[in-house]
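In our numbering, each residue carries its 1-based index in the sequence shown increased by 999.
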Amino acid sequence: MIVSFHPRIKGDKRLPMTREALMGLLGGPDAGRFRGAVVSQAVRGWQYWLLRQAGLRLFPNYDYRFGLEGKWGNARFFERFGLNHPKTWLFAGIEGLRSSKGLKFPLVVKAHWGGGGQGVFLARSPGELDAALEGVAGYMRGAQGPVVAQEFLDSAGRDMRVVAIGDRAYAYWRRQEREGEFRNNLAMGARIDREGEPRLLKRGIAAVRDAVARTGVNLAGFDLIFPRGSDEPMFLEINYCFGRKGLGGSVPFFRVLEHAVSRWAGGLRA
């Protein structure tokens, strides 16, 4: 039997994702009745691991998500699983990056947290590093926290989002048309292209399928870059709570999600 903590997935029983419901399930008369559980992308680490430690199989599989989130965590994730990614330097704070020696320019400076291209700045030379760090500090509003520096690779004005949903993957380009804008996020003016360069779309899907096989992570948006003139994808980021516009919106997304959960549950019941 499957218990669902997801508001859009029924399961054999549906419960709200609250501490009371979790404790009631794991310590009440239903304890041991369920083989698996469905959770939402917004699940917290303690909720996920409480269910896992009770012996339940979970969809999505986020065994390697928690502790490896954000841009700092993503870099460690890619390194751990041997996934091709741009050279990346990790720093505990802005001053550590400012005083670092041996950085290669141009580079991209990123706040640990952020989405839609926010908190990401380009330093083309050492002379532009202070301005980039001021941008990160302004985005962080004075808060202390990790920062990331990453080699800048010319992407020919596009990157690829590949969304893994269960055992399927869906890819599209994000193409930037604003002059001088190096970030290819939709919020920064990029447009969606689902058909261009089909051979590279297939290569991106293959790379993400390989990543899913290595890590188990089966519900996430993987951002890839193909450096200009290269056929080899490189991983940039993982987004666990991703936008659905590139998939056609929420209705198609939830339809695909429901089918993915059904296939996964069928495997548990077999």
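We put the beta carbon where it would ideally sit given N, CA and C, even for glycine. Keep in mind that this is a model prediction, so the values were computed, not measured.
| Segment contact, 8 Å Cβ cut-off, at least three pairs: the region 1101-1108 with the region 1052-1067 | no
| request: Measure the C-alpha to C-alpha separation of PHE1181 and GLY1054 and round it to an integer number of angstroms. | output: Taking the sequence shown and counting its residues from 1, one reaches residue 1181 at position 182. Taking the sequence shown and counting its residues from 1, one reaches residue 1054 at position 55. Roughly 45 Å separates the two Cα atoms.
| Do you know whose CA, among GLY1116, MET1233, ARG1193, PHE1241, lies nearest LYS1086's CA? | Numbered from 1 along the sequence shown, position 87 holds the residue referred to as residue 1086. For LYS1086, the nearest C-alpha among the options comes from MET1233.
| query | Around the Cβ of GLY1098, are there at least 16 other Cβ atoms within 10 angstroms (buried) or fewer (exposed)? | reply | In the sequence shown, residue 1098 corresponds to position 99, counting from 1. In the sequence under discussion, the amino acid at residue 1098 is Ser, which differs from the Gly named in the question. Under this definition SER1098 is an exposed residue.
| Buried or exposed by the 16-neighbour rule on C-beta atoms within 10 Å, applied to PRO1015 | Against the sequence shown, residue 1015 aligns to sequence position 16. That one is exposed.
| message | For LYS1070, which residues in the same chain have their Cβ closer than 6 Å to its Cβ, ignoring the five residues on either side in sequence? | response | For the purposes of this step, residue 1070 is identified with residue 71 of the sequence shown, where counting begins at 1. Counting only Cβ-Cβ distances below 6 Å, and skipping sequence neighbours, we find LYS1109, HIS1111, VAL1147.
| message | Judging by CA-CA distance, which residue of GLY1081, ARG1051, GLY1113 is the nearest neighbour of ALA1186? | response | Position 187 of the sequence shown, counted from the first residue, corresponds to residue 1186. Closest by alpha carbon: GLY1113.
| request: Would you check if the distance between the CB atom of GLY1245 and the CB atom of ARG1167 is smaller than 8 Å? | output: Against the sequence shown, residue 1245 aligns to sequence position 246. Against the sequence shown, residue 1167 aligns to sequence position 168. It is not a contact, given that the beta carbons lie outside the stated cut-off.
| query | Helix, strand or coil: how does DSSP classify TYR1063 here? | reply | Position 64 of the sequence shown, counting from 1, holds the residue named residue 1063. Coil, per DSSP.
| field | Touch test, the region 1167-1178 against the region 1008-1022, Cβ-Cβ under 8 Å, three pairs minimum | value | no
| Taking Cβ to Cβ, would you say LEU1128 is nearer than 8 Å to VAL1107? | If you number the sequence shown from 1, residue 1128 lands on position 129. If you number the sequence shown from 1, residue 1107 lands on position 108. Not a contact, by the Cβ cut-off of 8 Å.
| message | DSSP three-state label for MET1022, please. | response | The sequence position of residue 1022 within the sequence shown is 23, counting from 1. Helix at MET1022.
| said: For ARG1202, which residues in the same chain have their Cβ closer than 7 Å to its Cβ, ignoring the five residues on either side in sequence? | reply: Counted from its first residue, the sequence shown places residue 1202 at position 203. Result list for ARG1202: ASP1230, PRO1232, in chain order.
| said: On the CB-based measure, 16 or more other CB atoms within 10 Å of its CB, does ARG1254 come out buried or exposed? | reply: Mapped onto the sequence shown, residue 1254 falls at position 255. By the 10 Å Cβ count, ARG1254 comes out exposed.
| When the distance is taken between beta carbons, is GLU1176 closer than 8 Å to GLY1188? | As a first step, residue 1188 is located in the sequence shown; it is residue number 189 there, counting from the start. As a first step, residue 1176 is located in the sequence shown; it is residue number 177 there, counting from the start. The answer is yes: Cβ separation under 8 Å.
| said: Can you tell me which residues form a DSSP beta bridge with VAL1161? | reply: Numbered from its first residue, the sequence shown carries residue 1161 at position 162. DSSP lists ALA1170, PHE1221 as partners of VAL1161.
| request: Kindly provide the ranges of any beta strand (DSSP E) runs that are 3 or more residues long and lie completely inside the region 1097-1138, ordered along the chain. | output: 1106-1110, 1119-1122
| field | Under the three-state DSSP convention, the category PHE1151 falls into | value | The residue you call residue 1151 lines up with position 152 of the sequence shown. In the structure shown, PHE1151 sits in coil (DSSP, three-state: anything other than H, G, I, E or B).
| field | Backbone secondary structure at ALA1036 - three-state DSSP | value | Residue mapping note: residue 1036 aligns to position 37 of the sequence shown, counting from 1. Three-state DSSP puts ALA1036 in a strand.
| On the three-state DSSP scale, how would you describe SER1003? | The count along the sequence shown starts at 1 and reaches residue 1003 at position 4. If DSSP states are grouped into helix, strand and coil, SER1003 belongs with the strands.
| Unbroken stretches of the alpha helix (DSSP H), 4 residues or longer, contained in the region 1186-1254 | 1197-1214
| Is the region 1216-1227 in contact with the region 1237-1251, if contact means three or more CB pairs nearer than 8 Å? | yes
| Do the CB positions of GLN1143 and GLY1092 come within less than 8 Å of each other? | If you number the sequence shown from 1, residue 1143 lands on position 144. If you number the sequence shown from 1, residue 1092 lands on position 93. Cβ atoms of GLN1143 and GLY1092: closer than 8 Å.
| request: Return the first residue and the last residue of the beta strand (DSSP E) that PHE1181 is part of. | output: Position 182 of the sequence shown, counting from 1, holds the residue named residue 1181. Here PHE1181 belongs to no beta strand (DSSP E), and DSSP marks it neither H nor E.
| Helix, strand or coil: how does DSSP classify LYS1009 here? | Residue mapping note: residue 1009 aligns to position 10 of the sequence shown, counting from 1. The answer is coil: DSSP assigns LYS1009 none of H, G, I, E or B.
| message | Using 8 Å for Cβ pairs, my map puts LEU1200 next to GLY1035. What's the rounded Cβ distance? | response | Here residue 1200 refers to the residue found at position 201 when the sequence shown is read from its first residue. Here residue 1035 refers to the residue found at position 36 when the sequence shown is read from its first residue. LEU1200 to GLY1035, Cβ: 32 Å. No contact.
| message | Buried or exposed for VAL1250, going by 16 or more other Cβ atoms inside 10 Å? | response | By one-based count along the sequence shown, residue 1250 stands at place 251. Answer is exposed; the Cβ neighbour count stays below 16.
| Any C-beta of chain C under 8 Å from that of GLU1176 | Looking at the structure shown, chain C is missing, and only one protein chain is on hand.
| query | The alpha helix (DSSP H) spanning PHE1076 covers which residue range? | reply | Within the sequence shown, the letter at position 77 stands for residue 1076. Its alpha helix (DSSP H) spans residues 1069-1079.
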